[in-house]
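Encoded as structure tokens, the structure appears first; notes follow it.
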Amino acid sequence: MIHLACRCATRRLHATCLALLACLCLVAGTGAALAEHEFSGKLSLVTRWFPRTADFDGQRNYNAGFVAEPQLYLEEPDKFSVTIAPFFRYDAADRTQTHFDLREAYLLLNGPLGENEWELRLGIDRVFWGVVETRNLVDIVNQTDLVENPNEKIKLGQPMAHLTLSGGWGVGEVFLISYHRLRTFPGRGGRLRPALKIDNSLATYESGAKEWHLDFAARYSHTFGPLDLGLSFFDGTGREPVMRPAAFQLVQGQPIPGALAPHYEQVRQFGLDAQLTIEAWLLKLEAIHRSGASNIVGKKEGFAAFVVGGEYTFSGIFESDADLSLLAEWLIDSRRHRSTNQYQNDLFFGVRLSLNDVQGAAFTLGTLIDLDYGTRTLSLEFDRRLTDSVSVKAEAILMLHVDEADAIVYPTRHDSFVGMKLAYSF
Amino acid sequence: MFPDHDTAETRPAGRGWAKGYPRRRRPAFGVLILALACFCLPNASALAQDETPEEKGLRIARETSARNDGFENFTAGLTMVLRDRHGRESIRKMRFKVLEVQGDGDKSLFVFDRPRDVRGTALLTHAHIDTHDDQWLYLPALKRVKRISASRRSGSFMGSEFSYEDMSSPEVEEYTYKYLRDEPCGNLTCTVTEQVPRDEESGYSRKVVWQDTGELRTWKMELYDRKGSHLKTLAIANYRQYLDRYWRAENQTMINHLTGAVTVLKWTEFRFRTDLSDSEFTHTALRRVR
Numbered sequence: 001m002i003h004l005a006c007r008c009a010t011r012r013l014h015a016t017c018l019a020l021l022a023c024l025c026l027v028a029g030t031g032a033a034l035a036e037h038e039f040s041g042k043l044s045l046v047t048r049w050f051p052r053t054a055d056f057d058g059q060r061n062y063n064a065g066f067v068a069e070p071q072l073y074l075e076e077p078d079k080f081s082v083t084i085a086p087f088f089r090y091d092a093a094d095r096t097q098t099h100f101d102l103r104e105a106y107l108l109l110n111g112p113l114g115e116n117e118w119e120l121r122l123g124i125d126r127v128f129w130g131v132v133e134t135r136n137l138v139d140i141v142n143q144t145d146l147v148e149n150p151n152e153k154i155k156l157g158q159p160m161a162h163l164t165l166s167g168g169w170g171v172g173e174v175f176l177i178s179y180h181r182l183r184t185f186p187g188r189g190g191r192l193r194p195a196l197k198i199d200n201s202l203a204t205y206e207s208g209a210k211e212w213h214l215d216f217a218a219r220y221s222h223t224f225g226p227l228d229l230g231l232s233f234f235d236g237t238g239r240e241p242v243m244r245p246a247a248f249q250l251v252q253g254q255p256i257p258g259a260l261a262p263h264y265e266q267v268r269q270f271g272l273d274a275q276l277t278i279e280a281w282l283l284k285l286e287a288i289h290r291s292g293a294s295n296i297v298g299k300k301e302g303f304a305a306f307v308v309g310g311e312y313t314f315s316g317i318f319e320s321d322a323d324l325s326l327l328a329e330w331l332i333d334s335r336r337h338r339s340t341n342q343y344q345n346d347l348f349f350g351v352r353l354s355l356n357d358v359q360g361a362a363f364t365l366g367t368l369i370d371l372d373y374g375t376r377t378l379s380l381e382f383d384r385r386l387t388d389s390v391s392v393k394a395e396a397i398l399m400l401h402v403d404e405a406d407a408i409v410y411p412t413r414h415d416s417f418v419g420m421k422l423a424y425s426f
Numbered sequence: 427m428f429p430d431h432d433t434a435e436t437r438p439a440g441r442g443w444a445k446g447y448p449r450r451r452r453p454a455f456g457v458l459i460l461a462l463a464c465f466c467l468p469n470a471s472a473l474a475q476d477e478t479p480e481e482k483g484l485r486i487a488r489e490t491s492a493r494n495d496g497f498e499n500f501t502a503g504l505t506m507v508l509r510d511r512h513g514r515e516s517i518r519k520m521r522f523k524v525l526e527v528q529g530d531g532d533k534s535l536f537v538f539d540r541p542r543d544v545r546g547t548a549l550l551t552h553a554h555i556d557t558h559d560d561q562w563l564y565l566p567a568l569k570r571v572k573r574i575s576a577s578r579r580s581g582s583f584m585g586s587e588f589s590y591e592d593m594s595s596p597e598v599e600e601y602t603y604k605y606l607r608d609e610p611c612g613n614l615t616c617t618v619t620e621q622v623p624r625d626e627e628s629g630y631s632r633k634v635v636w637q638d639t640g641e642l643r644t645w646k647m648e649l650y651d652r653k654g655s656h657l658k659t660l661a662i663a664n665y666r667q668y669l670d671r672y673w674r675a676e677n678q679t680m681i682n683h684l685t686g687a688v689t690v691l692k693w694t695e696f697r698f699r700t701d702l703s704d705s706e707f708t709h710t711a712l713r714r715v716r
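Protein chains in written order, with my numbering: chain C, 1 to 426; chain H, 427 to 716.
Encoded structure:
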């Protein structure tokens, strides 16, 4: 699998990444000599079908692909461990969506320090911060992979040094991060994109150091009885780009943009995430303040945003083993109409039914309502196991109503889709 | 763009992943603990002359609990074979470790190996004596540590016939007791006790428990649902003694009389008093779980 990944990489990746990958191939080769190793992973077939006719040139009504996510874990007991997790996607419909990423490739060391404990992770890793279900505002360490899923939950690997100190007083973490990753977007053939294609080869940075800017992040988290609390800080290259029209061509004497170029600015973000767990209630809050980023009209504007909500679970409904959870979250951004994303004032309601049977079947239904523009979307999701190692997932996102004034969502108004995923884990 | 309920993608079969785990005072190594003992019970009949059946039941429960104190920690492997009434089987595999905490509930960790789609998922529990337990789930696909509700106990553990309540270790104060009788069980003599859960969230109205009079190991348990029907029977076998004191059973078979389904638990590789430390039961440790 590593060899396959190396071969794919030659075409697409930055030379630095390639060198790194070569090292990893070497590690993988010699790794078997280490005391303990474990090879696992997942292979998936994924397909999506868009029943409505596409609005833009080149867009297709389907995509179908193959995803490989192998993972190699090597350990020298009581000394260190190495994890290598490449990711490869082949997409039959959109060439840009065929991509390779190193999700993880890190060295892990840890040990006691008096009453406390330290842990150091060096290399490419993924870090998750947050508590809510809809959109994790505070989660800023890793770049989002929008090719895999429009839900912003899939992340690219990020090179970093990550030091953790923990004890009875809580968990303190510091991160030194460099080699900024560009957010991935659907290509010309892909759906769920703006009218103009986003061209990553035209990406620009505010910092003169470009992708090599050294970012700093820190987090403190602790559990106080029923309350789990996290405070975070980030200073560096933002993960969310602003889009600038680019690749101008003269059409009848008028310059017309042919693409959008992502521009990444230097931002500073303070974050808070909290969850209160009281019996069947989960009450959640994520809040950020971010400065240095431009708003939708290209002007720098500091802003605050939060997601607040909760979840309540009815257990063993109708004298069965099934659980029914009700979810509600409100997302708001102080920039409102000047916000760079679609969640400027939105309400989410969801229902999740978990059958708790042998196959682990679960069904989720959710609706997102834009309180400013009236845009309504519906999401459905079903998943269950077929065998010990094969599982299936079906999902659909339906654009019920998109208002023309909702400029961010409007280009995707005909991009309702139904998707299937068949996964084999080993 | 739209929320994706990651729990759905990574959750193992069975209640509790999205929402909850039972309220419980000790962690989930369960029925097992009932099934323990150490040295012989002092001559019970001599002590018991002026006891009411309730007092005698309570004394046996206290003695059973006392005999398990001081184990410090242990690790074990666990295989569950789930068989429905048509004979279809599915397998769950996990690793378990537990740390005894003085003056509070224990800390425990399950790491799942099978089914394959939940491989690497881990469940950390900090049990408490006088308040709800704290519980976190680690979802490796997103590298997310998620606090979950531990308030519900009667749901299925991993889709099996064992509920979270069955998998957790009972505290003496959680039940009222009544001694019923002594009767032969195999080559041994068993004392039969009725236990009534005090917690209204328990899935049971009562349990009838068979323990041998010598070592106080539990051999059989009948579980009655809230309506009083005989719902399940647990049979326990293959006891081994560790550190010359702690009895652990390798096989536990739960039969559901309502559905005809059976779950067999097989414990392997018990190791007591390993070098486990508190730092292996924290958030950061949860992220390192393999």
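Ideal Cβ placement from N, Cα and C applies to all residues, glycine included.
None of the values given here were measured: they were computed from a predicted structure.
Glycine 230(C) has a beta carbon lying at 8 angstroms or more from every beta carbon in chain H. From the beta-carbon of isoleucine 517(H), the residues of chain C found nearer than 9 angstroms are Asp388.
Spanning the alpha carbons of leucine 43(C) and glutamate 265(C) requires a straight line of approximately 36 angstroms.
Counting C-beta atoms within 10 angstroms of its own C-beta, glutamate 381(C) has 16 or more neighbours from the protein chains shown and is therefore classed as buried. Not flagged as an interface residue toward chain H: threonine 144(C), since no C-beta distance is shorter than 8 angstroms. In the assembly as shown, leucine 72(C) is a buried residue. Its beta-carbon has 16 or more other beta-carbons within 10 Å. For threonine 277(C), the neighbours in chain H by C-beta distance under 9 angstroms run, in chain order, His558, Asp560, Gln561, Arg573, Ile574, Ser575, Ala576, Ser577. Glycine 157(C) is not a Cβ neighbour of glutamine 97(C), given a cutoff of 8 angstroms.
Note on the segment 495 to 550 of chain H: whole beta strand (DSSP E) runs with a minimum of 3 residues are 499 to 509, 515 to 525, 533 to 540, in chain order. Distance from threonine 164(C) to glycine 419(C) at the Cβ level is roughly 36 angstroms; contact not present, criterion being Cβ atoms closer than 8 angstroms. Going by C-alpha positions, glutamine 621(H) is about 12 angstroms away from lysine 482(H). By the Cβ-count criterion, tryptophan 673(H) is buried, with 16 or more other Cβ atoms from all chains shown falling within 10 Å of its own Cβ.
DSSP places proline 262(C) within a strand segment (E or B) once states are collapsed to three. According to DSSP, methionine 160(C) shares a beta bridge with Gly123(C), Ile177(C). For the set Leu276(C), Arg103(C), Phe314(C), Arg290(C), the Cα lying nearest the Cα of leucine 326(C) is the one of Phe314(C). Inter-segment contact for the segment 697 to 710 of chain H and the segment 676 to 689 of chain H is absent: fewer than three beta-carbon pairs are separated by less than 8 angstroms. Ser221, Thr223, Gly225, Pro226, Asp228: these are the residues of the segment 218 to 243 of chain C whose beta carbon lies less than 8 angstroms from some beta carbon of chain H, given in chain order. Distance from the Cα of threonine 602(H) is smallest, within the candidate group Asp704(H), Ser589(H), Leu549(H), Val635(H), for Val635(H). What leucine 282(C) touches in chain H, judged by beta-carbon distance under 9 angstroms, is Lys445, Arg573, Ile574, Ser575, going in chain order. Residues are counted here when their Cβ sits less than 7 angstroms from a Cβ of chain C; for the segment 539 to 556 of chain H these are Arg540, Pro541, Arg542, Asp543, Arg545, given in chain order.
Exclusion of the five residues before and after aspartate 228(C) leaves Gln275 as the residues of its chain whose Cβ lies within less than 6 angstroms of its Cβ. Counting along the chain, the unbroken alpha helix (DSSP H) around leucine 484(H) starts and ends at 479 to 492. Using a Cβ distance threshold of 8 angstroms, glycine 310(C) and tryptophan 330(C) do not count as a contacting pair.
By the criterion of at least three beta-carbon pairs nearer than 8 angstroms, the segment 56 to 64 of chain C is in contact with the segment 91 to 108 of chain C. Residue state for tyrosine 410(C) is assigned as helix, using DSSP reduced to three classes.
When beta bridges are read from the DSSP output, glycine 253(C) appears opposite no residue. Per DSSP, reduced to three states, the secondary structure at isoleucine 154(C) is coil, with no helix or strand assignment. Relative to the Cα of lysine 300(C), the nearest Cα in the group Ser339(C), Glu279(C), Asp57(C), Lys79(C) belongs to Ser339(C). With contacts defined by Cβ atoms closer than 8 angstroms, alanine 218(C) and glutamate 148(C) do not form a contacting pair. For tyrosine 373(C), there is no enclosing beta strand (DSSP E), as DSSP marks it with neither H nor E. In this structure, leucine 657(H) sits away from asparagine 677(H), with a CB-CB distance that is not shorter than 8 angstroms. Cβ-Cβ separation between glycine 190(C) and serine 232(C): approximately 32 angstroms, too far for a contact (criterion under 8 angstroms). Residues are counted here when their Cβ sits less than 7 angstroms from a Cβ of chain C; for the segment 497 to 513 of chain H these are Leu508, given in chain order. Spatial neighbours of proline 255(C) in its own chain (CB-CB distance under 8 angstroms, excluding positions within 5 residues in sequence) are listed in chain order as Phe248, Gln249. Within chain H, the residues placing a beta-carbon under 7 angstroms from that of glutamate 119(C) are Thr710, ordered along the chain.
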